[in-house]
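Visitor: Each residue of the first sequence is one higher than the one before, counting from 1451 in the numbering used here. All residues carry an ideal CB built from backbone N, CA and C; glycine is no exception.
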Amino acid sequence: METSPARGMKDYLPIEAALRDWMLGVILETYTSRGFQRIETPALENLDRLIGSGGGENEKLIFKVLKRGVKLEIAGADENTLADLGLRFDLTVPLARYWAHNQPKLPPVFRAIQIGPVWRAERPQRGRYRQFMQCDIDIVGEPSVLAEMELITVSVEAAARLGVRNPVLRFNDRRFLDSVLDWAGVPSEAGPAVLIALDKLDKIGPQGVLAEVARLELGEKASGNLARFLEESSASEELPMGFFAEIGLDEAVVADMVAIASLSACATLGGTKLVFDPTVIRGMGYYTGPIYELGVAELGFSIGGGGRYDEMLGRFGRPAPACGFSLGFERISLYLHEQGAHGAVGAPQVHLRISSPADYPIALAMADRAVARGVRASIEGTSKKLRAVIRHLLEEREGAVGAPGAWIAVVELSGADLKIHDVTGDCPELSWLRD
RNA sequence: GUGGCCGUAGCUCAGUGGUAGAGCAGGAGGUUGUGACCCUCCCGUCCCGGAUUCGAUUUCCGGCGGUCACCCCA
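1) Below 8 Å, how does it come out for the stretch 1607-1617 and the stretch 1683-1699: are there three or more Cβ pairs, yes or no?
2) Here's the rule I'm using: 16 or more other beta-carbon atoms within 10 Å means buried, otherwise exposed. How should Met1691 be labelled?
3) Got a sec, what are the start and stop residues for the alpha helix (DSSP H) Met1439 sits in?
4) Where Thr1491 and Asp1588 are concerned, what is the direct C-alpha to C-alpha distance, given to the nearest angstrom?
5) Let me know the secondary structure DSSP gives Ser1864 once reduced to three states.
6) Skipping 5 residues on each side, what residues in its chain have a beta carbon closer than 8 Å to that of Val1708?
7) The beta strand (DSSP E) spanning Phe1751 covers which residue range?
8) Compare the C-alpha of Glu1788 against each of Asp1809, Val1659 and Arg1576 and name the closest.
9) With a threshold of 16 other CB atoms inside 10 Å of the CB of Gln1564, please say whether the residue is buried or exposed.
10) Keeping to the same chain, check which residues put their C-beta closer than 6 Å to that of Gly1485; ignore five residues upstream and five downstream.
11) Taking the beta carbon of Ala1820 as the centre, do at least 16 other beta carbons fall within 10 Å, making it buried, or is it exposed?
12) Would you mind sorting Gly1655 into buried or exposed? The rule is 16 or more other CB atoms within 10 Å of its CB.
13) Helix, strand or coil for Gln1657? Go by DSSP, reduced to three states.
14) Would you mind giving the Cβ-Cβ distance between Ala1677 and Leu1651, rounded to the nearest angstrom? I have them listed as a contact below 8 Å.
15) In or out: Asn1675 buried (at least 16 other Cβ within 10 Å) or exposed?
16) Is it true that the CB of Gly1739 sits closer than 8 Å to the CB of Asp1760?
17) On a CA-only basis, which of Tyr1810, Leu1802, Leu1596 and Ala1770 is nearest Ala1711? Give me that one, please.
18) Could you tell me which of Ile1741, Cys1877, Asp1534 and Gly1767 sits nearest to Arg1758, measuring between CA atoms?
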């Protein structure tokens, strides 16, 4: 019997789940301390809400759920009549529906936290799964760039508190990209293809991008202008104000970019670099303004990203400006794991071993006293070798996050006799176990 | 979804057309200085299915899973 999880999905060992719980706690604490409020939405949405939501390529990757109840008529039916629900592929579309449904009960400017699994039927790879957790924060009702500034600073703070070192936040603006395409003379129907080519700049280089653009046969003028744009397209901490002026970029867009760039002076950003990167595109079709991605040098993919999607909420009947930032939980967990964080939260620990059920009550009393002191306590029989138990305890402590290096003691208890094994070599006096 | 590589013990990996090995880990026991050392024994449908073959873990095909590159993205 095959026992591995379904393709692209994962089981988590206790030690892995503990790391995830710790991460979740840090993220929630960071977000709530900045005034964001947690909400929950269902994993399933009506299919017609997922399709046509502006999810771009992701709409092709929806896991569809068959109709249930009365017998399904399979023969001759297509998938659209057989399925009416789908697993969400992100948390933004559900949030838009949520806002439309609950807006009267929500604050005028709503700061939402949404943490949960999403599903995409992609071909799995490292750092890329078919079920993965996203940690979204969104601000609904704030039209100005203040919302982006808040999302970016808070998300970067969360990443820093998780132990992500030297991240880089690359930002761009959909309105700038539209403006570039317009200035270059790219017909609107060729826009998406040009953007896709542009997105590959870091992989295939300027020549590669130009080769792809040439294939689109946009004509001499547009190609030439795009080549000119590529010269200006190096990611940089300085905004190319001259180029902005040259293409006649709207002053309001320039002002927003200046505001975002100014965040590099903020304390909570710590060592995070903020760079303007004209090649940040992002696939979601629903973005309308600033867009951004958070990355680290060690990984070949981003650990977070987001943008403004002012038009999407209107699709659900209640128009409102909105933008969001999503942290990639699995990718950050992968990063932390590769940085050596293999373990659980390491609070001090007493492991009590008893050889007879008669000793359970007294062991329980000791465990209670330990717990009252903030010490984890577990009670177990002696069916396993002491050696194996100790080895496993030390293994779990290895690379622990939260309270790394906390002491561990194994206490063998038999009637009135206590034998204390100082597993970590630094455990304190445990006389309080008896009183 | 397309293409490449890969899939042998819990882990890291050898190996072979005649049903399999090492190191570490685990289990049972012995010794003991009982969290050390040493000793004995145990632990594998060689991913699944089909084909070729007297015979396949080893070749071929298909599937499943992983990984890398596309694509896209958290």
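Guide: With the structure as the only source:
1) Output reads no: the stretch 1683-1699 does not touch the stretch 1607-1617.
2) As a working note, residue 1691 is residue 241 in the first sequence. By the C-beta density criterion, Met1691 is exposed, having fewer than 16 other C-beta atoms within 10 angstroms.
3) Absent from the structure is residue 1439, since the part of the chain shown begins at 1451 and ends at 1885.
4) Here the question's residue 1491 lines up with position 41 in the first sequence. Here the question's residue 1588 lines up with position 138 in the first sequence. The C-alpha of Thr1491 lies about 14 Å from the C-alpha of Asp1588.
5) Working through the first sequence from its first residue, we reach residue 1864 at position 414. Three-state DSSP puts Ser1864 in a strand.
6) Position 258 of the first sequence, counted from the start, is the residue given in the question as residue 1708. Cβ contact annotation for Val1708 (same chain, cutoff 8 Å, sequence separation greater than five): Leu1689, in chain order.
7) Within the first sequence, residue 1751 is the residue found at index 301, counting from 1. Where Phe1751 is concerned, there is no enclosing beta strand (DSSP E), given that its DSSP letter is neither H nor E.
8) The residue labelled residue 1788 in the question sits at position 338 within the first sequence. Per the Cα distances, Arg1576.
9) Indexing the first sequence from 1 puts residue 1564 at position 114. Under this definition Gln1564 is a buried residue.
10) Looking up residue 1485 in the first sequence gives position 35. Excluding positions up to five away in sequence, the list reads Arg1561.
11) In the first sequence, counting from the first residue as 1, residue 1820 sits at position 370. Label assigned to Ala1820: buried.
12) Counting from one through the first sequence, the residue named residue 1655 turns up at place 205. Per the 10 Å Cβ criterion, exposed.
13) Here residue 1657 corresponds to residue number 207 of the first sequence, with the count starting at 1. Assignment of Gln1657 by DSSP, reduced to helix, strand and coil, places it in the helix class.
14) To locate residue 1677, count along the first sequence from 1; it is residue 227. To locate residue 1651, count along the first sequence from 1; it is residue 201. Not really, about 12 Å apart at Cβ, beyond 8 Å.
15) Locating residue 1675 in the first sequence gives position 225, where the first residue counts as 1. Asn1675 comes out buried.
16) On the first sequence, residue 1760 is found 310 positions in, with the first residue counted as 1. On the first sequence, residue 1739 is found 289 positions in, with the first residue counted as 1. Their beta carbons are under 8 Å apart, which means Asp1760 touches Gly1739 by this criterion.
17) Here residue 1711 is taken as the residue at index 261 of the first sequence, counted from 1. The candidate whose alpha carbon is nearest that of Ala1711 is Leu1596.
18) Against the first sequence, residue 1758 aligns to sequence position 308. Measuring C-alpha to C-alpha distances from Arg1758 to each of Ile1741, Cys1877, Asp1534 and Gly1767 identifies Ile1741 as the nearest.
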